[in-house]
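**Q** Under this note's numbering, think of the first position of the sequence shown as 605, with each following residue one higher.
For glycine and all other residues, C-beta sits at the position ideal for the given N, C-alpha and C.
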Amino acid sequence: KFEALKLRLGQEGLFNPADKKPIPEYARAVGVVTSPTGAAVRDIIHVLTRRNDSVRILLAPANVQGPGAAEQIAKGIRLFNRLKNVDVIIVGRGGGSIEDLWAFNEEVVARSIHQSAIPIISAVGHETDFTIADFAADLRAPTPSAAAEMAVGRKDEQLDRLKRLEEAIWRSMLRKLDHASSEVAHFQGRLGQAAAA
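1) Kindly confirm or deny that the segment 695-705 and the segment 628-642 touch, where touching means at least three C-beta pairs closer than 8 Å.
2) May I ask which residues mark the beginning and end of the alpha helix (DSSP H) holding residue 618?
3) I'd like to confirm the pairing. Which residues does DSSP put opposite residue 665 in its beta bridges?
4) Measuring straight from C-alpha to C-alpha, what distance separates residue 715 and residue 628?
5) If we require 4 or more residues per run, which alpha helix (DSSP H) segments fall completely within the segment 670-717?
6) Straight-line CA distance for residue 746 to residue 769?
7) In this structure, how does DSSP classify residue 756 when only helix, strand and coil are distinguished?
8) At which residues does the alpha helix (DSSP H) containing residue 651 begin and terminate?
9) Which residues bound the alpha helix (DSSP H) around residue 727?
10) Measuring CA to CA, which of 639, 755, 787, 739 is closest to residue 803?
11) Count the CB pairs spanning the segment 773-792 and the segment 673-689 that are closer than 8 Å, and state whether there are at least three.
12) In this structure, how does DSSP classify residue 772 when only helix, strand and coil are distinguished?
13) Assign residue 800 to one of three DSSP states: helix, strand, or coil.
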């Protein structure tokens with residue numbers, strides 16, 4: 605069933621690398637579609653806040669296994685797209701058996717990921733687990749914690765980069781001011797010579 609769906613959706617173009625959206629470099633808000641009670645959500649929140657305590661984290665709670673789970677996951681993705689209140693979405697759960705992860709192999713989830721205007725990082729199970737959601741997503745993370753690492757840059761690194769940019773702008777402005785001062789002095793000298801003649 606997995607291989608048949610993967611083949612069919614692949615032929616439809618749902619996994620086309622050219623359609624993959626880039627993950628924003630400076631996400632200010634991250635949407636998370638997962639169980640509100642699982643270890644995955646705690647891991648994601650912990651890593652996101654450790655990397656950047658300014659990032660907003662919004663949760664679309666969803667069952668991640670059992671009847672109706674796939675529809676809830678798809679609904680969470682559509683909700684973030686309707687509200688347009690996040691820069692990137694993490695969709696996933698912690699590890700489990702192939703049956704536990706099956707909601708992420710459902711067509712409704714793959715289609716909602718593919719149709720999302722917001723970039724999506726899939727984070728289902730462990731490094732060795734692969735689901736249809738992973739192929740449809742813009743980026744696959746091996747674990748939920750790794751997805752959080754990929755979703756936001758470290759705040760201290762971003763601040764260092766801003767400081768270097770600010771210094772470069774100041775240096776550029778000072779060079780331009782020096783050049784302008786030299787030109788003014790040059791033209792003043794020429795005006796003085798012309799007035800004396």
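**A** Based on what the coordinates show:
1) A contact exists between the segment 695-705 and the segment 628-642.
2) From DSSP, residue 618 is part of no alpha helix (DSSP H); its letter is neither H nor E.
3) Residue 665 is bridged to 638.
4) If I take the Cα positions, the gap works out to 22 Å.
5) Those alpha helix (DSSP H) runs which fall completely within the segment 670-717 and span 4+ residues are 673-687.
6) The alpha-carbon separation between residue 746 and residue 769 amounts to approximately 33 Å.
7) Here residue 756 sits in coil by DSSP.
8) Run containing residue 651: 643-655, per the alpha helix (DSSP H) assignment.
9) Annotation: residue 727 is outside any alpha helix (DSSP H); the continuous beta strand (DSSP E) that includes it extends over 724-728.
10) Absent from the structure is residue 803, since the part of the chain shown begins at 605 and ends at 801.
11) No, the segment 773-792 is not in contact with the segment 673-689.
12) Judged by DSSP in its simplified three-state form, residue 772 adopts helix.
13) In this structure, DSSP gives residue 800 a helical state, which the three-state scheme calls helix.
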